[in-house]
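Just below is one structure, and these are the notes that go with it.
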Amino acid sequence: MKKHGLRNGLKTIEDIFIPLLPGIICAGLCGGVASLISQTVPGFADKRVWQFIYQILSMINASVMTFLTAWAGYRASEQFGGTPILGGMLGMITSMEGINVISSILGLYNDAVPLDSVLRSGKGGVLAVIVGAILIANVEKAIRSLMPRAVDVVFTPVITIIVCLIPYIVLIMPLYGYISEGIVWLFGRACLSQDIFIRTISGYLAAACFLPLVATGMHHGLIALYSVQLEELGYVTLYPALAMAGAGQVGAAFALWKKAKKAGNIDFCAVIAGALPAGLMGVGEPLIYGVTLPLGRPFLTAGLGAGFGGAFTMLTQVASTGWGPSGLLGAFMMTAGKGGSVRSILFYLIGLGISYLGGYAVTNLFYREEELNTENLLSADQASFWRSSAFARLSRRKPRSVKAGMPLTGAKEHGQAGLSIAASADGETVPMNQIPDIMFSSGVIGKCIGIMPENGHILAPVDGEVSEIADTNHALTFRSYDGMEIILLVGIDTFTLNGDGLCPLVKEGENVVAGQAVMEVDLDKIRKAGLSPIVITVLSN
1 MKKHGLRNGL KTIEDIFIPL LPGIICAGLC GGVASLISQT VPGFADKRVW QFIYQILSMI
61 NASVMTFLTA WAGYRASEQF GGTPILGGML GMITSMEGIN VISSILGLYN DAVPLDSVLR
121 SGKGGVLAVI VGAILIANVE KAIRSLMPRA VDVVFTPVIT IIVCLIPYIV LIMPLYGYIS
181 EGIVWLFGRA CLSQDIFIRT ISGYLAAACF LPLVATGMHH GLIALYSVQL EELGYVTLYP
241 ALAMAGAGQV GAAFALWKKA KKAGNIDFCA VIAGALPAGL MGVGEPLIYG VTLPLGRPFL
301 TAGLGAGFGG AFTMLTQVAS TGWGPSGLLG AFMMTAGKGG SVRSILFYLI GLGISYLGGY
361 AVTNLFYREE ELNTENLLSA DQASFWRSSA FARLSRRKPR SVKAGMPLTG AKEHGQAGLS
421 IAASADGETV PMNQIPDIMF SSGVIGKCIG IMPENGHILA PVDGEVSEIA DTNHALTFRS
481 YDGMEIILLV GIDTFTLNGD GLCPLVKEGE NVVAGQAVME VDLDKIRKAG LSPIVITVLS
541 N
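Okay, so the sequence shown: first residue is 1 according to UniProt numbering, each after it adds one.
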């Protein structure tokens, strides 16, 4: 039960902050570049172009970071079933100067040292706002259950915010202010300690232990800790160290690629080659699920190697202006460290290099080449993951003209890990997000790609077996010899035609080859019925 409680708590924090991440990343990058300008461009304030750029970037940064409590309050209230704008108002009020006036009236404000006040503007930060949003959601539900429907929209919000605001200011803000300060103090003792040994060990452990959190999806729960550090200190020291975990994986992947190539395991080399670019840019999931985690030991050696980079960044006190991108993309956010932005970015990049080398060296030492020989083929999960990633890229490509039977991908030579999909019709491709049906464009039923057909000749997309034909003949399902399940749908909502104009040329259980004719379609009947004849290829597994 405790584990479930912890996981649910972290999942709730994730659900609150994930929609805010694009803004936080944008603000952090802009703030980092603004800081870089202020420290590297002499007299930038007197140069109109540089001053203009600096102000634009600073405003973008401030729009999110200054009012982060408001954004968090909005999302938290929405998450807990309250009216979002009330949570946003509570978060905005948290940062207002009026809080200091109220604190003075109550005798809780320290004029000599405002930061030591029991109550002050911003006290408690996002932690207080999240608790306040829970309070608002419950109070609002209670009031709404008693309020007559005719006056609900007028009086429920007013009564809710007034009833919640007083205990929030007087009790929740001071209490969670001390909790936030305690968290920062604990991290400060480890991450900002004057003792070099403690800082180094803290950085190593943070980076070495981070990958399991990413693999289980629990790493988003750390966003609250980043927020607390940012609010209390104005920068984040934990995130740069944790960013080294992905770099350790990159190093491990290079070691595995070298061993796999020597062993002649072309399939596994293809998986690594496809996942490495994302890993270098700080997106670790392809390497985790497609490479290191399925093999087991490299998942551990990647973390152990990453620890050396984490130790270095913590030792040199690299700090970021926010969080979000890591890998090479994260460099622009690492401008808040001790000694200036250039020094901080340089040490961050050196840390990445150390993690690359650490992951490579430790994996090279503890994983044997013979474990990757051609007899030890990819697991079904690895092959499936790689094909899914390749198909996702295919589904995002720009429209282009294709001929029926021509390969849409060039990965056939990669064997078990490859993705060999043929065009099912002559026409122009339609990216997934442009398919005129939310079920397909959203990816709910799987990654897909469309073709607007020029004629009614429909061909098989893969070598394999026709495993199912829909009763209304509008869809055929194919199972390839390497385990892929491909659904071919002719037209949108053409099931309403009950097979009229749709004539399958194959039977269930029949083996086919890519490019073989499998259906004849009367496009005019589909169009006269007011339906789209688009042919959609879906990778369902």
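Heads up, the beta-carbon is just placed ideally off N, CA and C, and yes, glycines get one too.
Selection from G464, E485, E454 that minimises the alpha carbon distance to K447: Ranking the options by Cα distance to K447, first place goes to E485.
Nonlocal neighbours in the same chain, by C-beta distance under 7 Å from G246, ignoring five residues either side: Once the five neighbours on either side are set aside, the close Cβ partners of G246 are G279, G282, G284, S326, G327.
Burial state of S145 (16 or more Cβ within 10 Å): Burial state of S145 is exposed, judged by a 10 Å Cβ sphere holding fewer than 16 other Cβ atoms.
Inter-residue spacing [alpha-carbon to alpha-carbon] between Y481 and G322: A straight-line Cα-Cα distance of about 47 Å links Y481 and G322.
Secondary structure of G415, DSSP reduced to three states: Summary for G415: the model assigns pLDDT 45, below 50, so the residue's position carries little reliability; its value from the coordinates is reported in the next sentence. Helix at G415.
N511 - partner residues in DSSP beta bridges: Here N511 is bridged, per DSSP, to E465.
At least three beta-carbon pairs within less than 8 Å, the stretch 260-273 to the stretch 151-163: With a cut-off of 8 Å, the stretch 151-163 and the stretch 260-273 do not count as touching, because too few Cβ pairs lie within range.
Reference A425, options I445, V462, F391, Q434, closest by Cα: The option with the nearest alpha carbon to A425 is V462.
Counted within 10 angstroms of its Cβ, other Cβ atoms place V538 as buried (16 or more) or exposed: That one is buried.
Integer Cβ distance of A460 from V402, believed to fall under 8 Å: Contact check for A460 and V402: beta-carbon distance about 15 Å, past the 8 Å limit, so the pair fails to qualify.
Residue interval of the beta strand (DSSP E) (run including S480): Unbroken beta strand (DSSP E) run through S480: 475-480.
Closest residue to R343 among A361, T313, G358, F366 (Cα-Cα distance): Comparing C-alpha distances from R343 to each of A361, T313, G358, F366 shows the shortest one belongs to T313.
With 16 other Cβ atoms within 10 Å as the buried cut-off, status of P298: Classification for P298: buried.
Limits of the alpha helix (DSSP H) - the one that G483 falls within: DSSP places G483 in no alpha helix (DSSP H); its state is neither H nor E.
C-alpha distance - A241 paired with E510, whole-angstrom precision: Going from the Cα of A241 to the Cα of E510 covers about 55 Å.
Between the CA atoms of L287 and Q249 - distance to the nearest angstrom: Answer to the nearest angstrom: the Cα atoms are 7 Å apart.
Residues near L304 in its chain [Cβ-Cβ closer than 7 Å; skip 5 each side]: Around L304, the same chain offers A208, V362 as residues with beta carbons nearer than 7 Å, after the five sequence neighbours per side are excluded.
Residue environment, S121, which counts as buried when at least 16 other CB atoms sit within 10 Å: Classification of S121: buried, given that the 10 Å Cβ count is 16 or more.
Which of helix, strand or coil DSSP assigns to C164: If DSSP states are grouped into helix, strand and coil, C164 belongs with the helices.
E97: first and last residue of the uninterrupted beta strand (DSSP E) it sits in: Counting along the chain, E97 falls outside any beta strand (DSSP E), and DSSP gives it neither H nor E.
Integer Cβ distance of G87 from G73, believed to fall under 8 Å: Right, their Cβ atoms sit about 4 Å apart.
Beta-carbon spacing of Y431, P453 below 8 Å: Checking the displayed sequence, the identity of residue 431 turns out to be Pro instead of Tyr. Cβ atoms of P431 and P453: not closer than 8 Å.
Collapsed DSSP secondary structure at M314 in the structure displayed: In the three-state reduction of the DSSP assignment, M314 falls in the helix class.
Assumed close pair A336, Y235 - CB separation to whole angstroms, cut-off 8 Å: Contact flag correct, Cβ pair sits at about 4 Å.
Helix, strand or coil at T374 according to DSSP, with G and I counted as helix: With a pLDDT of 48 at T374, under the threshold of 50, the modelled position of this residue cannot be trusted, and the question is left open.
CA-to-CA distance, S320 to T301, given in whole angstroms: Looking at the backbone, the Cα of T301 and that of S320 are separated by about 26 Å.
Pair within 8 Å by beta-carbon distance, M251 and Y360: The identity of residue 251 in the sequence shown is Gly, whereas the question assumes Met. In contact: G251 and Y360 (Cβ atoms closer than 8 Å).
Selected residue, minimal CA-CA separation from I124, among I136, A475, T94: Note on residue identity: the sequence assigns Gly, not Ile, to residue 124. Of I136, A475, T94, the residue nearest in Cα terms is T94.
Beta-carbon spacing of Y168, G203 below 8 Å: No. Outside cutoff.
Rounded straight-line distance, which links the Cα of V535 to that of L505: The straight-line gap separating the alpha-carbon atoms of L505 and V535 is approximately 16 Å.
Chain-order list of residues whose beta-carbon lies under 7 Å from that of S395 (same chain, five-residue window excluded): If we look at S395 and ignore the five residues flanking it on each side, its Cβ neighbours are P431, M432, K447, C448, I449.
Closest by C-alpha distance to V518, when choosing among F478, S355, S532: The shortest C-alpha separation from V518 is found at F478.
Per DSSP, the bridge partner or partners of T429: Answer is I451, bridged to T429.
Beta-carbon proximity list for I354, same chain, < 7 Å, skipping 5 on both sides: Non-local C-beta neighbours of I354 in its own chain, meaning closer than 7 Å and more than five positions away in sequence, comprise F308, G309, F312, ordered along the chain.
Beta-carbon contacts of S341 that lie in its chain and below 6 Å, excluding the five residues immediately before and after: Around S341, the same chain offers S35, L36, Q39, T335 as residues with beta carbons nearer than 6 Å, after the five sequence neighbours per side are excluded.
Per-residue burial, F501 [other beta carbons within 10 Å of its own, 16 or more giving buried]: What sits at residue 501 in the sequence shown is Gly, not Phe. When all chains shown are included, G501 counts as buried.
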